[in-house]
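Enquirer: All residue numbers for the sequence shown refer to our numbering, where the first residue is 8 and numbers rise by one.
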Amino acid sequence: MDANHAEHPPTAPKAQPTGHAIVDRQGPVTIITLHYPKRRNALSMALRASLIAALQGAHDSPDCRVIILTGSEGNFCSGGDISSFEGITPAGGRARMRQVQPVVRLIAQSEKPVIAAVEGHAAGAGICIASDCDIVVAADDAKFTCSFNKIGLFPDLGGLWSIPARVGVGTARKLMLTGRTIDGQAAYRCGLADELCPSGKALEVAIEMAREIAARAPLSNAMIKSALLQFPLGLEEVMNMEANNQGLLYATEDFQEGKNAFLEKRPPEFKGR
């Protein structure tokens, strides 16, 4: 492993009784773990701030090519921390949402692919965060629930954008209005999850996939992600995008390396330039 892709021990901010994000850098892959196990990794205010900082750090790191988002001790995320919901005014509620929305932008708008590794519960904001990711790896017994209306609230953290994009409006409507819990197998069948694995293996499978993606050309990955974020697109828009992006990529060092590696029958070594 080269110096640019050295592994680092997991790091975390000073432990918080109300949760924090743990960052584990494994070469070009950064694993961010939501850690508030006594509440199934509910998004407390402390965990929100820590998660934003962790995502921003991965986004800014030149060594990181793929991000994995997961949860600790057998659960992904159980949603908002309901114990902190007392006495919120309309203005306070809006401010609370604005404070956490950078999580969605850092996942969806980052040039780096983000993979969710889901075990256990992904409920409320948890199902939304998972759906915001580019790829969702789910354990077959994971539990996905979009149950905002059970406590009189509205879907948040980008769920009204990402869930219909994954499963279609009809299925999104059913999930959001009934608040039913579906397991990983049902999530895979309807498109909420992209990869299914045995219980306890989601992170392992996500790491394997992340390493596969990290071995591809980073500039190509970034352009593909950006293009898909803009869908649906018309045919002419796609044709223009193809011409512009392909024109730029032909001039990159990575294209020359990819072409030479193909002709020489060896693995490419991409530099992201």
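Beta carbons: idealized from backbone N, C-alpha and C, even for Gly.
1) Identify the continuous beta strand (DSSP E) that holds E202 and give its terminal residues.
2) Report the rounded CA-to-CA distance for G64 versus L113, giving the unit in angstroms.
3) Pull up the DSSP beta-bridge partners for R32, would you.
4) Are there three or more Cβ pairs, one per stretch, closer than 8 Å when the stretch 43-54 is compared with the stretch 227-235?
5) For the stretch 265-273 against the stretch 242-252, do three or more pairs of beta-carbon atoms, one drawn from each stretch, fall closer than 8 Å, so that the two count as touching?
6) Sorted by chain position, which residues of the same chain lie with C-beta nearer than 6 Å to T188's C-beta, five sequence neighbours on each side aside?
7) Would you grab the beta carbon distance between L199 and S138 for me? Rounded to a whole angstrom, and I think it's under 8 Å.
8) Please report the residue range of the alpha helix (DSSP H) in which D261 lies.
9) Under the three-state reduction of DSSP, which class applies to A10: helix, strand or coil?
10) Taking 8 Å as the threshold, find out whether the stretch 113-129 comes into contact with the stretch 66-83 through three or more Cβ pairs.
11) Using the three-state DSSP reduction, which class does A217 fall into: helix, strand or coil?
12) From the DSSP output, which residues share a beta bridge with D190?
13) So, at 6 Å on beta carbons, what are the nonlocal neighbours of D201 in its own chain, with the 5 sequence-adjacent residues on each side left out?
14) Does DSSP put V143 in a helix, a strand or coil?
15) Once DSSP output is grouped into helix, strand and coil, what is the label at T185?
16) What do you reckon, are the CB atoms on I74 and T37 nearer than 7 Å?
17) Where does C71 fall in DSSP's three states?
18) Taking A102 as part of the alpha helix (DSSP H), name the residues at either end of that continuous run.
19) Determine the DSSP secondary structure at A224, reduced to helix, strand or coil.
20) Using the three-state DSSP reduction, which class does G87 fall into: helix, strand or coil?
21) Would D281 and D88 be called neighbours here (beta carbons separated by less than 7 Å)?
22) Output needed for A132: all residues of its chain with C-beta closer than 7 Å, excluding positions within five of it in sequence on either side, in chain order.
23) Measure the CB-CB distance between G166 and C135 and report whether it falls below 7 Å.
24) Where does the unbroken beta strand (DSSP E) through I170 begin, and where does it stop?
25) Note down, in chain order, each residue of its chain lying with its Cβ closer than 8 Å to the Cβ of A221, except the 5 sequence neighbours on either side.
26) Hey, A115 and A145 are a contact pair by Cβ (cut 8 Å); roughly how many whole angstroms apart?
27) Could you please give me the residues that DSSP links to G78 through a beta bridge?
Expert: Working from what's here:
1) As a working mapping, residue 202 is identified with position 195 in the sequence shown. Where E202 is concerned, the enclosing beta strand (DSSP E) stretches over 202-204.
2) For the purposes of this step, residue 64 is taken as residue 57 along the sequence shown, with counting starting at 1. For the purposes of this step, residue 113 is taken as residue 106 along the sequence shown, with counting starting at 1. Those two C-alpha atoms are separated by around 10 Å.
3) Taking the first residue of the sequence shown as 1, we reach residue 32 at position 25. T37, per the DSSP bridge assignment.
4) Too few Cβ pairs lie closer than 8 Å, so no.
5) With a cut-off of 8 Å, the stretch 242-252 and the stretch 265-273 do not count as touching, because too few Cβ pairs lie within range.
6) The residue given as residue 188 occupies position 181 in the sequence shown. Excluding sequence neighbours, T188 sits near K150, T152.
7) Your numbering for residue 199 matches position 192 in the sequence shown. Your numbering for residue 138 matches position 131 in the sequence shown. Going by Cβ atoms, the distance from L199 to S138 rounds to 7 Å, so yes, they are a contact pair.
8) Here residue 261 refers to the residue found at position 254 of the sequence shown. First-last of the alpha helix (DSSP H) with D261: 260-271.
9) Your numbering for residue 10 matches position 3 in the sequence shown. Residue placement at A10 is poorly supported in this model, since its pLDDT is 41, which falls under 50; the coordinates are not used for a value here.
10) Using a C-beta cut-off of 8 Å, the stretch 113-129 makes contact with the stretch 66-83, since at least three inter-stretch Cβ pairs fall below that distance.
11) For this step, residue 217 is matched to residue 210 along the sequence shown. In the structure shown, A217 sits in a helix (DSSP, three-state: H, G or I).
12) Here residue 190 is taken as the residue at index 183 of the sequence shown, counted from 1. For D190, the pairing in a beta bridge is given by DSSP as K150.
13) If you number the sequence shown from 1, residue 201 lands on position 194. Closer than 6 Å at Cβ, skipping near neighbours: I142, V143.
14) Counted from its first residue, the sequence shown places residue 143 at position 136. V143 falls in the strand class under three-state DSSP.
15) As a working note, residue 185 is residue 178 in the sequence shown. Of the three classes helix, strand and coil, the one that applies to T185 here is helix, per DSSP.
16) Looking up residue 74 in the sequence shown gives position 67. Looking up residue 37 in the sequence shown gives position 30. Using a Cβ distance threshold of 7 Å, I74 and T37 count as a contacting pair.
17) What you label residue 71 is simply residue 64 of the sequence shown in a count that begins at 1. In this structure, C71 counts as coil in the three-state DSSP scheme.
18) What you label residue 102 is simply residue 95 of the sequence shown in a count that begins at 1. The continuous alpha helix (DSSP H) containing A102 extends over residues 97-107.
19) One-based indexing of the sequence shown puts residue 224 at position 217. The three-state reading of DSSP puts A224 in coil, since its state is none of H, G, I, E or B.
20) Taking the sequence shown and counting its residues from 1, the one referred to as residue 87 is at position 80. If DSSP states are grouped into helix, strand and coil, G87 belongs with the strands.
21) Residue 281 is absent from the structure shown; the chain starts at 8 and stops at 280.
22) Position 125 of the sequence shown, counted from the first residue, corresponds to residue 132. Counting only Cβ-Cβ distances below 7 Å, and skipping sequence neighbours, we find L50, C84, G86, G87, D163, L164.
23) Within the sequence shown, numbered from 1, the residue matching residue 166 stands at position 159. Within the sequence shown, numbered from 1, the residue matching residue 135 stands at position 128. G166 places its beta carbon less than 7 Å from that of C135.
24) Along the sequence shown, one-based indexing puts residue 170 at 163. That residue, I170, is in no beta strand (DSSP E); its alpha helix (DSSP H) goes 166-174.
25) For the purposes of this step, residue 221 is taken as the residue at position 214 of the sequence shown. By the criterion of a C-beta distance shorter than 8 Å, A221 is surrounded in its chain by G34, P35, V36, R72, V73, once the five residues flanking it on both sides are discounted.
26) Reading the sequence shown from its first residue, position 108 is the one you call residue 115. Reading the sequence shown from its first residue, position 138 is the one you call residue 145. With a Cβ gap of about 19 Å, A115 and A145 do not count as contacting.
27) Here residue 78 corresponds to residue number 71 of the sequence shown, with the count starting at 1. DSSP output for G78 lists L41 as bridge partner(s).
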